[in-house]
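This report concerns only the one structure given below.
Protein chains: 2
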Amino acid sequence: MQLAIDELGYRPNITARNLRSGRTGVIGLLLPELSLSYFAELADDVIAEAERHGLFVLLEKSGGDRNRELAVLSSPRMQLTDGLIFSPLGMSQEDAHLLPLDYPLVLLGERIFGSQVDHVTMRNVEAARAATEFLIQGGRRRIAVIGAHLEEVVGSAALRLQGYRQALETAGIPFDPALVSYTTLWHRSNGAESMRALIASGVEFDAVFGLNDALTLGAMRALQEKGARVPEIAVIGFDDIEESQYAMPSLSSVDAGRGQIAAIAVDLLIRRIDEESGSRADPQEILVDFKVVARESTSDVSATARRI
Amino acid sequence: MQLAIDELGYRPNITARNLRSGRTGVIGLLLPELSLSYFAELADDVIAEAERHGLFVLLEKSGGDRNRELAVLSSPRMQLTDGLIFSPLGMSQEDAHLLPLDYPLVLLGERIFGSQVDHVTMRNVEAARAATEFLIQGGRRRIAVIGAHLEEVVGSAALRLQGYRQALETAGIPFDPALVSYTTLWHRSNGAESMRALIASGVEFDAVFGLNDALTLGAMRALQEKGARVPEIAVIGFDDIEESQYAMPSLSSVDAGRGQIAAIAVDLLIRRIDEESGSRADPQEILVDFKVVARESTSDVSATARRI
DNA sequence: GTGAAAGCGCTAACAA
DNA sequence: TTGTTAGCGCTTTCAC
Numbered sequence: 033m034q035l036a037i038d039e040l041g042y043r044p045n046i047t048a049r050n051l052r053s054g055r056t057g058v059i060g061l062l063l064p065e066l067s068l069s070y071f072a073e074l075a076d077d078v079i080a081e082a083e084r085h086g087l088f089v090l091l092e093k094s095g096g097d098r099n100r101e102l103a104v105l106s107s108p109r110m111q112l113t114d115g116l117i118f119s120p121l122g123m124s125q126e127d128a129h130l131l132p133l134d135y136p137l138v139l140l141g142e143r144i145f146g147s148q149v150d151h152v153t154m155r156n157v158e159a160a161r162a163a164t165e166f167l168i169q170g171g172r173r174r175i176a177v178i179g180a181h182l183e184e185v186v187g188s189a190a191l192r193l194q195g196y197r198q199a200l201e202t203a204g205i206p207f208d209p210a211l212v213s214y215t216t217l218w219h220r221s222n223g224a225e226s227m228r229a230l231i232a233s234g235v236e237f238d239a240v241f242g243l244n245d246a247l248t249l250g251a252m253r254a255l256q257e258k259g260a261r262v263p264e265i266a267v268i269g270f271d272d273i274e275e276s277q278y279a280m281p282s283l284s285s286v287d288a289g290r291g292q293i294a295a296i297a298v299d300l301l302i303r304r305i306d307e308e309s310g311s312r313a314d315p316q317e318i319l320v321d322f323k324v325v326a327r328e329s330t331s332d333v334s335a336t337a338r339r340i
Numbered sequence: 033m034q035l036a037i038d039e040l041g042y043r044p045n046i047t048a049r050n051l052r053s054g055r056t057g058v059i060g061l062l063l064p065e066l067s068l069s070y071f072a073e074l075a076d077d078v079i080a081e082a083e084r085h086g087l088f089v090l091l092e093k094s095g096g097d098r099n100r101e102l103a104v105l106s107s108p109r110m111q112l113t114d115g116l117i118f119s120p121l122g123m124s125q126e127d128a129h130l131l132p133l134d135y136p137l138v139l140l141g142e143r144i145f146g147s148q149v150d151h152v153t154m155r156n157v158e159a160a161r162a163a164t165e166f167l168i169q170g171g172r173r174r175i176a177v178i179g180a181h182l183e184e185v186v187g188s189a190a191l192r193l194q195g196y197r198q199a200l201e202t203a204g205i206p207f208d209p210a211l212v213s214y215t216t217l218w219h220r221s222n223g224a225e226s227m228r229a230l231i232a233s234g235v236e237f238d239a240v241f242g243l244n245d246a247l248t249l250g251a252m253r254a255l256q257e258k259g260a261r262v263p264e265i266a267v268i269g270f271d272d273i274e275e276s277q278y279a280m281p282s283l284s285s286v287d288a289g290r291g292q293i294a295a296i297a298v299d300l301l302i303r304r305i306d307e308e309s310g311s312r313a314d315p316q317e318i319l320v321d322f323k324v325v326a327r328e329s330t331s332d333v334s335a336t337a338r339r340i
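Taken in sequence, the protein lines are chains A and B. With my numbering applied, the first sequence covers 33 to 340. With my numbering applied, the second sequence covers 33 to 340.
This is how it looks when you write it as structure tokens:
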């Protein structure tokens, strides 16, 4: 039988099979932007994980735009896929009710919590607090923050800032708003601009906590331009993207569990896809592990807060 | 009528439509690795371009492995897509006959030339020559190369090395094999290792041409670790990935036309998809434009070749 | 056991 | 114009 199949070169028609079975074997992945290393690496992880389960990944990018996100969620395009892993950036908590419940969906990130949808995310507050505590243990007291978002309540920036403040509080260090620098986006250029502004403001600091690695690499570059030495000024980022270990000096960071997020998201999505349509299990909220990765940018050196 | 559609919430079944029409509205993109910035940025460009034409992108990664590339090419998975944009890395010229001719396919990159398949690529030789000439015009004579591949004839590394040699020849500078450093992969770590080996070899040089930006950023980092100053040692890369402008110092590079490659590849693929099955147009070989992007790493400074 | 038939939801062709 | 039907290629069911 197999011989005959090979000989005649028979190829099953996947589309017909899909029509019949109601499945496509494809999952969607909706991310803000692939040129941000964090998301590129996340996509890599998701594709690898999906492949292990015999699934393919249809990749869409939203550019972080709420309308584009909504358009993708409601478009018939998504019928090509059995489910969607979605990392919102434009949409926020108030939009939670706009998430489809009749379609297998797994949320990532920090924009929407407590919806009726499975959600995998990192321990932003705890991980940011660990990063800040690590700097404090290294003797730093004037820790600048790069990448805060104005008036944000949920979202990565707000949560990580919260972790930072908790660490200060625990250590009895007063919070100084002058040390917090705001950006809209988290590209390297925003980090560099923020750092230049911070330096221009004349505020003293002995360490920098960047709310993601791309930002932080830009900030570290701007610091060095002004003649500041790292780790005399200690610098730590967040996400632990691959290039952080090749920066000059190599950048300390927090590995917030990206690989684990990808694996769990795919697993949860598959579970939803396989679910009998009548019996919808309760939505799960999953938090993954994190760890501080110490590199040269936080090597111990005598610390003195100062103007640069 | 539209009212009735909206009211009843009618959604056409895309799969049924696909079965009927023989089209899926999805194109495949097969790349080595998304965590390499060049490919992440290329994927971003392809997705954006596909979207402009109402198409979706199913992303697959090969890890640069020939067997995985062949597996994807011949697997029925690809029936989910109307065509494929493929950047081979494991497959090479001898495998050209294994490319399917009965399926819309556009090749990228430098591994396979002159096949019966549409091909979009950069002017590797000319662009590498331009980068090298740029260094020579800056007064450099001892230009190290990072990232050559042993015994490669076609492929990005070989072509770019060829451009380097042409530039030397035109300038009457003898080619010194001791200045050429070989790697297997083009990650940042390989660039750093190569540079350390080059320095350990004791050879004198006053400039570095890295065959891609990731390599070059790693090499620049290793240079600086040894106390060498850039641009006293001038450094130029290839690809002009986004982060090169934020390196310290910012890295000069060659923009070899990535965005144009994405746009043309999608256009060609659509043309193939729309082609009547009987009338297969001749395969096209398209070369895109390049330009040298000068940044701090090649700012003019007095150059003296030396041991580091 | 092997084989025929129905139907997934759409669209193109045809009939009224 | 409007309505009906056949068929895309698969899988599941039911009859033999």
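Using N, Cα and C, we set each Cβ at its ideal position, and we do this for glycine too.
Given Ser-213(A), which residues of its chain have a CB within under 8 Å of its CB, disregarding the five upstream and five downstream residues?
Counted from its first residue, the first sequence places residue 213(A) at position 181. Correct list, in chain order: Ala-176, Val-177, Ile-178, Gly-179, Ala-180, Ser-226, Met-227, Ala-229 and Leu-230.
Please go through the region 168-232 of chain B and give each complete beta strand (DSSP E) segment of 3 or more residues, from N-terminal end onward.
For the region 168-232 of chain B, whole beta strand (DSSP E) runs of length 3 or above, ordered along the chain, are 175-180 and 212-214.
Quick one: any contact between the region 265-283 of chain B and the region 243-257 of chain B, if contact means 3 or more CB pairs under 8 Å?
Touching, yes.
Of all the options Glu-83(B), Gly-223(B), Thr-216(B) and Ala-210(B), which has the alpha carbon lying nearest to the alpha carbon of Ser-233(B)?
Taking the second sequence and counting its residues from 1, one reaches residue 233(B) at position 201. If we check each option's Cα against that of Ser-233(B), Ala-210(B) comes out closest.
Can Leu-137(B) and Gly-115(B) be called in contact, C-beta distance under 9 Å?
The count along the second sequence starts at 1 and reaches residue 137(B) at position 105. The count along the second sequence starts at 1 and reaches residue 115(B) at position 83. Yes, these two residues count as a Cβ contact at 9 Å.
Pair every Cβ in the region 316-329 of chain B with every Cβ in the region 280-298 of chain B, then say whether three or more of these pairs are closer than 8 Å.
With the cut-off at 8 Å, the region 316-329 of chain B and the region 280-298 of chain B touch.
Whose Cβ in chain A lies nearer than 8 Å to the Cβ of Lys-93(B)?
Here residue 93(B) corresponds to residue number 61 of the second sequence, with the count starting at 1. Those are Asp-76, Ile-79 and Ala-80, listed as they occur along chain A.
Helix, strand or coil: how does DSSP classify His-151(A) here?
Position 119 of the first sequence holds residue 151(A). In the structure shown, His-151(A) sits in a strand (DSSP, three-state: E or B).
Measure how close the beta-carbons of Thr-164(A) and Tyr-196(A) come, nearest whole angstrom, since I'm counting them as under 8 Å.
Within the first sequence, residue 164(A) is the residue found at index 132, counting from 1. Within the first sequence, residue 196(A) is the residue found at index 164, counting from 1. The pair is a contact, with the Cβ atoms about 5 Å apart (cut-off 8 Å).
Whose CA, out of Pro-120(A), Leu-102(A), Asp-127(A) and Glu-81(A), lies closest to the CA of Glu-92(B)?
Taking the second sequence and counting its residues from 1, the one referred to as residue 92(B) is at position 60. For Glu-92(B), the nearest C-alpha among the options comes from Glu-81(A).
Could you tell me whether the region 295-311 of chain B touches the region 159-173 of chain B, where touching means 3 or more Cβ pairs closer than 8 Å?
Not touching, per the Cβ criterion.
Along the alpha helix (DSSP H) that carries Glu-142(B), what are the first and last residues, could you check?
Numbered from its first residue, the second sequence carries residue 142(B) at position 110. Where Glu-142(B) is concerned, there is no enclosing alpha helix (DSSP H), given that its DSSP letter is neither H nor E.
So if I threshold CB-CB distances at 7 Å, which residues from the region 107-120 of chain B count as touching chain A?
Here the close residues are Pro-108, Arg-109, Gln-111 and Leu-112.
From Arg-109(B) to Thr-113(A), what does the alpha carbon distance come to, in whole angstroms?
As a first step, residue 109(B) must be located in the second sequence, where it is residue number 77. As a first step, residue 113(A) must be located in the first sequence, where it is residue number 81. Roughly 14 Å between the two C-alpha positions.
Using 8 Å for Cβ pairs, my map puts Phe-145(B) next to Leu-62(B). What's the rounded Cβ distance?
Counted from its first residue, the second sequence places residue 145(B) at position 113. Counted from its first residue, the second sequence places residue 62(B) at position 30. Contact flag wrong, Cβ pair sits at about 18 Å.
Can you check whether the C-beta of Arg-290(A) is within less than 9 Å of a C-beta belonging to chain B?
On the first sequence, residue 290(A) is found 258 positions in, with the first residue counted as 1. So, not an interface residue.
How is the alpha helix (DSSP H) around Gly-250(B) delimited, first residue to last?
For the purposes of this step, residue 250(B) is identified with residue 218 of the second sequence, where counting begins at 1. Element bounds for Gly-250(B): 245-257.
Note down, in chain order, all residues in the region 246-259 of chain B with a beta-carbon under 7 Å from any beta-carbon belonging to chain A.
Cβ contacts with chain A: Leu-249, Gly-250, Arg-253 and Gln-256.
Does DSSP put Gly-234(B) in a helix, in a strand, or in coil?
In the second sequence, counting from the first residue as 1, residue 234(B) sits at position 202. Looking at Gly-234(B) - three-state DSSP - the assignment turns out to be coil, as it is neither helix nor strand.
Taking the alpha-carbon of Thr-202(B) as reference, which of Ala-162(B), Gly-141(B), Leu-182(B) and Ala-326(B) has the nearest alpha-carbon?
The sequence position of residue 202(B) within the second sequence is 170, counting from 1. Cα-wise, what sits closest to Thr-202(B) is Ala-162(B).
DSSP three-state label for Leu-91(B), please.
For the purposes of this step, residue 91(B) is identified with residue 59 of the second sequence, where counting begins at 1. In this structure, Leu-91(B) counts as strand in the three-state DSSP scheme.
With a threshold of 9 Å between beta-carbons, can Tyr-214(B) be considered close to chain A, or not?
As a position in the second sequence, residue 214(B) is number 182, starting the count at 1. Closer than 9 Å: no.
In three-state DSSP terms, what is Ile-318(A)?
Here the question's residue 318(A) lines up with position 286 in the first sequence. Strand.
Whose CA, out of Ala-190(B), Gly-122(B) and Asp-314(B), lies closest to the CA of Asn-99(B)?
Taking the first residue of the second sequence as 1, we reach residue 99(B) at position 67. It is Gly-122(B).
Starting from Asp-271(B), follow the beta strand (DSSP E) in both directions and report where the run begins and ends.
Within the second sequence, residue 271(B) is the residue found at index 239, counting from 1. From DSSP, Asp-271(B) is part of no beta strand (DSSP E); its letter is neither H nor E.
Quick check on Asp-150(A): buried or exposed, where buried means 16 or more other Cβ atoms within 10 Å of its Cβ?
Numbered from 1 along the first sequence, position 118 holds the residue referred to as residue 150(A). Looking at its Cβ environment, which holds 16 or more other Cβ atoms inside 10 Å, Asp-150(A) is buried.
Taking 9 Å as the threshold (C-beta atoms), are Asn-156(A) and Ser-188(A) in contact?
By one-based count along the first sequence, residue 188(A) stands at place 156. By one-based count along the first sequence, residue 156(A) stands at place 124. Yes, the Cβ-Cβ distance between Ser-188(A) and Asn-156(A) is below 9 Å.
Closer than 9 Å, CB to CB, is Asn-50(B) near chain A or not?
Counted from its first residue, the second sequence places residue 50(B) at position 18. With 9 Å as the cut-off, Asn-50(B) counts as an interface residue toward chain A.
Which word fits His-219(B), buried or exposed, when buried means at least 16 other C-beta atoms lie within 10 angstroms of its C-beta?
Counting from 1 along the second sequence, the entry for residue 219(B) is found at position 187. Buried, by the Cβ-count rule.
Tell me the DSSP secondary structure of Leu-66(A) in three-state form.
Residue numbering aside, residue 66(A) sits at position 34 when the first sequence is read from its first letter. The answer is coil: DSSP assigns Leu-66(A) none of H, G, I, E or B.
In whole angstroms, what is the alpha-carbon distance linking Ala-75(A) and Gly-204(B)?
For this step, residue 75(A) is matched to residue 43 along the first sequence. For this step, residue 204(B) is matched to residue 172 along the second sequence. C-alpha separation (whole angstroms): 47 Å.
For Ile-144(A), go through chain B and note every residue whose CB falls closer than 9 Å to its CB, in chain order.
Here residue 144(A) is taken as the residue at index 112 of the first sequence, counted from 1. Going along chain B, no residue has its Cβ under 9 Å from Ile-144(A), so there is no contact; the nearest lies around 24 Å.
I need the DSSP call for Asp-287(A), collapsed to helix, strand or coil.
Numbered from 1 along the first sequence, position 255 holds the residue referred to as residue 287(A). In this structure, Asp-287(A) counts as strand in the three-state DSSP scheme.
Taking Val-58(B) as the reference, which of Leu-133(B), Pro-315(B), Leu-51(B) and Leu-87(B) has the closest Cα?
Locating residue 58(B) in the second sequence gives position 26, where the first residue counts as 1. Per the Cα distances, Leu-87(B).
Below 8 Å on C-beta distance, what does Tyr-70(B) contact in chain A?
Taking the first residue of the second sequence as 1, we reach residue 70(B) at position 38. Going along chain A, no residue has its Cβ under 8 Å from Tyr-70(B), so there is no contact; the nearest lies around 11 Å.
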